[in-house]
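So the structure is just underneath, and the comments pick up after that.
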Amino acid sequence: MFHTPILPRTRKRSRAEQEVARPGREEVKFVNVRLYLVEMKMGHSRRSFLTQLARSKGFMVEDDLSDSVTHVVSENSQASVLWAWLKDSGPANLPSMHVVNITWFTDSMKERRPVAVETRHLIQDTLPMLPEGRKVVAVATVSQYACQRRTTTTNHNAVFTDAFEVLAECYEFNQMEGRCLAFRRAASVLKSLPRVLSSLEDTHHLPCLGDHAKAIIDELLQHGRAFDVQKVLSDERYQTLKLFTSVFGVGPKTAEKWYRTGLRAFEHILADRSIHLNHMQQNGFLHYEDISRAVSKAEARALTKVIDEVVHAITPDAIVALTGGFRRGKEFGHDVDIIFTTLEVGKEENLLLDVIKSLENQGVLLYCDYQAATFDTAKLPAHSFEAMDHFAKCFLILRLEASQVEGGLNSGEEDSRGWRAVRVDLVSPPMNRYAFALLGWTGSRQFERDMRRFARKERRMLLDNHGLFDKNKKEFLAATTEKDIFDHLGLEYMEPWQRNA
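Position one of the sequence shown corresponds to residue 1 (the UniProt record's numbering), numbered consecutively onward.
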C-alpha cells in the first residue's frame, strides 16, 4: 500500500522578505560604508536575506571579504574563532575595520542609516597566548576616528607620542602634509589608550599605525630612543625653524625664508636691516619672553573674567565661554581662546569691536589684529578642512596684572613687574552658528579633523565651524548645543575633557 508523501509546509514569505527579494539594482545611499556578512553561524539563507535587506536600504554589501570592507557583521560567532578566521583571510586593513555583532546591523536597518559603532556593538579580539603562559587578554577594537575615542589629559604613552609629534612637526616644516597627518593620527590613537604600551604586540589591534610608526615604537621599547627622532632633534634646520616659529606672527614659510638667508638666531633677524617685520611680528619679538611662556589655568580664568565683564557691560544677555585646551581640562596652554555672541543675530560683529575699544580704554590692550567677518552662506558648505573660520575675530596681546590672578602670575623668578603679556584670541559668531563654533574652537585639532572626516566618510555630511550639511537631504541641520551636532552624526556625546585627541 502506497501513501502520499507528506511534504513540508511552505512558509509564506513576509512582505519585507518579498520586497527585498525583488530583482533589480538598488540605490546606494552610503558610498563610504561597505558591509560583509559572515556566513559562519549565520547560515546561507539568512545571510542572503540580510544582504538583500541591507541593499534595499541603500547599503553596499560585499559578497567577498576584501580591503574595501568597512564593517564585518557576525552573528552568534565565538570571538576567538571569528578573529582567527578573519586574520587567516588576511585583509590588509583589518585593524581599521569595524568587527561588529548583529545588533549593529539591526540598529542600522531600523535607523535606515549606518549608526555609530558603540562598545556594545564590538566583537572583541583576543591576543595570542603569551610566552609565559599567562592568560589571553581581551582587547576592544579602537576606532580610527578620534571622535569615537575618549581621550583625557592623562597620556600613558607620552614617550611615544612626543616622538611622533617631533616627526610630525619635521614633516610639517618640509611641507609633507600626508606624513605629518599620519604621525599626528598615530599619536592621537596612543593618547587614548588606558595603559602604556609594553611591547610591539600591543599595537597589533590599533588603527592608524604605519610601519614607520611601529618601527619608532619598537626602537623606543628596545633602546629608549629612536634614531629618526634623534636625527631630527639634532638637525640645525629643524632647531632653527622651531625657534623662529615660536615667535608670534612667524609661520613656517617665513621661518624657512630667514633660514635660507643664513639667519640662525633672533639677534641676527633684529640686526638685519633688509628684514621688515610686520606689526604682529614686531610685537611677537617685543613680548617674546612673556608670550612664549605657558599660560596657567588661573591666568586663563582671570582673563576670561576680564572679557566677560567687558562683554556683559555692553550686552547683558551675551554668552561668553572659555574654549581651547582650558575647556578640555588642561592646566597650561600657549594662549587663551574666548568665544562670545549675542542672542540677536547680526549684532555680534559690532559687539567685538566694542569689546576691543573697551579694552583699549582700560589700558590693557598691548596689540590687536582685528579680522572682520567674511562669513558667506552662499559659499557653504566647505568641502575641505580649513584651519580658520570666517567669523569676526581678533588676535590680541593683553596686559594681565598679578592682582587679578588667584595664586599669582606664571612669571620668571627675576620678574618683578607685577604683570605679564598674554596672547588672547576672541571670536564672535552669530548665535545660530554658536554651537558649531564652540565645538570647533574647543578642539582638539585632531578631534575636530577626525569628526569632520567621520561626517564626510561615514555620514555623507559636511561639518565645519559654520554648520553641518546633509548631502543626502541637501539641507543644513540646525544645532543649538554641541550635543545636537553629535546626535545628528549618530555619535555618542563626548564632554570637552574627553576630546584631548
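Even for Gly, the Cβ is constructed at its ideal location relative to N, Cα and C.
Owing to the predicted nature of the structure, the values given are computational and were not obtained by experimental measurement.
By how many angstroms is the C-alpha of residue j removed from the C-alpha of residue i?
i	j	result
Val336	Cys170	26 Å
Val139	Ser74	Bear in mind that a pLDDT of 43 at Val139, under 50, signals an unreliable position, so the model cannot answer this.
Phe183	Asp487	29 Å
Leu35	Arg185	25 Å
Lys231	Leu409	37 Å
Glu26	Ser56	6 Å
Phe332	Ser296	5 Å
Ala271	Leu286	14 Å
Leu167	Asp202	22 Å
Ser68	Ile485	28 Å
Leu380	Lys457	18 Å
Ala501	Arg452	14 Å
Glu289	Val424	16 Å
Leu209	Leu181	12 Å
Pro430	Ala187	34 Å
Ser358	Val306	11 Å
Thr342	Gln404	26 Å
Leu438	Lys41	47 Å
Leu94	Leu86	8 Å
Met129	Leu65	Residue confidence is low: Met129 scores 42 on pLDDT, short of 50, so the model does not pin down where it sits. No coordinate-derived value is stated.
Thr245	Ser198	35 Å
Asp63	Glu448	34 Å
Gly224	Asn174	26 Å
Got a sec: does the ligand GTP put a non-hydrogen atom nearer than 7 Å to the Cβ of residue i?
i	result
Arg112	Judged by which ligands are present, the structure shown has none, so any question about the ligand GTP falls away.
Looking at residue i: is its Cβ nearer than 8 Å to the Cβ of residue j?
i	j	result
Met60	Val33	yes
Ile216	Val229	yes
Arg399	Trp419	yes
Ala294	Ala226	no
Arg499	Thr151	yes
Lys471	Leu462	yes
His205	Thr141	yes
Leu200	Lys214	yes
Met97	His71	yes
Glu349	Ala392	yes
Glu406	Ala300	no
Leu190	Thr154	no
residue 502	His121	Residue 502 lies beyond the range of the chain shown here (1 to 501); nothing can be said about it.
Thr377	Ala435	no
Arg460	Phe30	yes
Gly58	Val100	no
Is residue i helix, strand or coil when you go by DSSP?
i	result
Met109	helix
Arg34	strand
residue 529	Past the boundaries of the shown model lies residue 529; the chain is included only from 1 to 501, so the question cannot be answered.
Phe59	coil
Lys393	strand
Asn93	coil
Glu401	strand
Cys368	strand
Leu462	strand
Asn350	helix
Asp484	helix
Leu322	strand
Val247	coil
Gly408	coil
Asn468	The sequence shown places Leu at residue 468, rather than the Asn named in the question. Note: Leu468 maps to strand in three-state DSSP.
Ile314	helix
Leu477	strand
Thr103	helix
Ser199	coil
Pro262	With the sequence shown as reference, residue 262 is identified as Gly, and Pro is not the correct amino acid for it. Gly262 falls in the coil class under three-state DSSP.
Met1	Bear in mind that the predicted position of Met1 carries a pLDDT of just 39, short of 50, making it unreliable; the figure below should be weighed with that in mind. Of the three classes helix, strand and coil, the one that applies to Met1 here is coil, per DSSP.
On a Cα-Cα basis, can you pick out the residue from the options that is closest to residue i?
i	options	result
residue 504	Leu426, Ser292, Asp64, Thr51	Residue 504 cannot be examined here, being either before or after the span of the chain that is shown, 1 to 501.
Pro207	Ala92, Ser292, Glu309	Ala92
Phe476	His466, Ala168, Leu82	His466
Asp415	Arg46, Glu401, Met431, Leu303	Glu401
Ile397	Ala421, Phe375, His390, Phe391	Ala421
Tyr370	Gln362, His390, Met431	His390
Glu495	Ala54, Arg149, Gly249, Val72	Arg149
Gln222	Val159, Gln175, Ala187	Val159
Ala455	Lys110, Ala479, Cys147, Cys394	Cys147
Phe375	Ser428, Asp88, Gly363	Ser428
Arg143	Gln124, His156, Asn157	In the sequence as presented, Arg is not what sits at residue 143; that position holds Ser. Answer by Cα proximity: Gln124.
Glu309	Phe340, Gly58, Thr245	Phe340
Leu366	Leu50, Ile291, His44, Thr304	Ile291
Under 8 Å, with one C-beta from each stretch per pair, do the segment 108-121 and the segment 479-494 reach the 3-pair mark? yes
Does the pairing of the segment 315-326 with the segment 336-348 give three or more beta-carbon distances under 8 Å? yes
Between the segment 233-244 and the segment 253-266, do three or more beta carbon pairs fall short of 8 Å? yes
Pair every Cβ in the segment 305-321 with every Cβ in the segment 271-283, then say whether three or more of these pairs are closer than 8 Å. no
Contact between the segment 441-451 and the segment 354-366 (3+ Cβ pairs under 8 Å): no
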